[in-house]
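Structure, as structure tokens:
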Amino acid sequence: LGWEPPASRRQVIALEIHNAALQARKREQGSQEAGISAQEPSHVRQLRTIQFENDKLRHERDEVRSKLEEVQAVLEDPDRLTEPKLLAETLEVMEQDLLQCKERRRAIQADFQDRVHGLQQRLKEASESASAS
Numbered sequence: 055l056g057w058e059p060p061a062s063r064r065q066v067i068a069l070e071i072h073n074a075a076l077q078a079r080k081r082e083q084g085s086q087e088a089g090i091s092a093q094e095p096s097h098v099r100q101l102r103t104i105q106f107e108n109d110k111l112r113h114e115r116d117e118v119r120s121k122l123e124e125v126q127a128v129l130e131d132p133d134r135l136t137e138p139k140l141l142a143e144t145l146e147v148m149e150q151d152l153l154q155c156k157e158r159r160r161a162i163q164a165d166f167q168d169r170v171h172g173l174q175q176r177l178k179e180a181s182e183s184a185s186a187s
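Everything in the sequence shown is counted per my numbering, starting at 55 for the first residue and increasing by one.
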């Protein structure tokens, strides 16, 4: 035909294709980590994925509770609080934990947004196909 889309549009299309491939790879890796088979129906895969994520979150929660108990034990012993080295170490550990928690929160929110977007897209496609019928 002789007409080509602008370079910026071609770049956007290439990036969208690359992004779709990365999302598919991410889903596949998550399924493999959770021991989920691609042969299972999608609702079963979703259930298993959610259960796997719940198990991971429970484990993280237990780790945080354990660390909290350690901090409470330190706070209950006033003599230990006066040691500057202990205070510095405790503060450093807590700051690292806070950064890790914030990063996990960002990752969870991003994953949630991806899921919402995917479900909205599927709903839109289903409603379009239903209205076309």
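From the three backbone atoms N, C-alpha and C, an ideal C-beta is built for every residue, glycine too. Predicted, not measured: the structure shown is a model, and the values here were computed from it.
Rounded straight-line distance, which links the Cα of residue 161 to that of residue 74:
About 18 Å.
Below 8 Å, how does it come out for the region 139-158 and the region 121-131: are there three or more Cβ pairs, yes or no?
A contact exists between the region 139-158 and the region 121-131.
List the whole-angstrom C-beta distance separating residue 110 from residue 151, where the pair is believed to meet the contact cut-off of C-beta under 8 Å.
With a Cβ gap of about 17 Å, residue 110 and residue 151 do not count as contacting.
Which same chain residues end up closer than 8 Å to residue 77 when comparing Cβ atoms and leaving out the 5 residues on each side of it in sequence?
If we look at residue 77 and ignore the five residues flanking it on each side, its Cβ neighbours are 168.
In terms of residues, what are the limits of the alpha helix (DSSP H) holding residue 116?
Note, residue 116: alpha helix (DSSP H), 96-130.
State the DSSP-derived secondary structure class of residue 58, mapped to helix, strand or coil.
Under the three-state reduction of DSSP output, residue 58 falls in the coil class, being neither helix nor strand.
Roughly how many angstroms lie between the CA atoms of residue 179 and residue 81, to the nearest whole one?
Approximately 20 Å between the Cα atoms of the pair.
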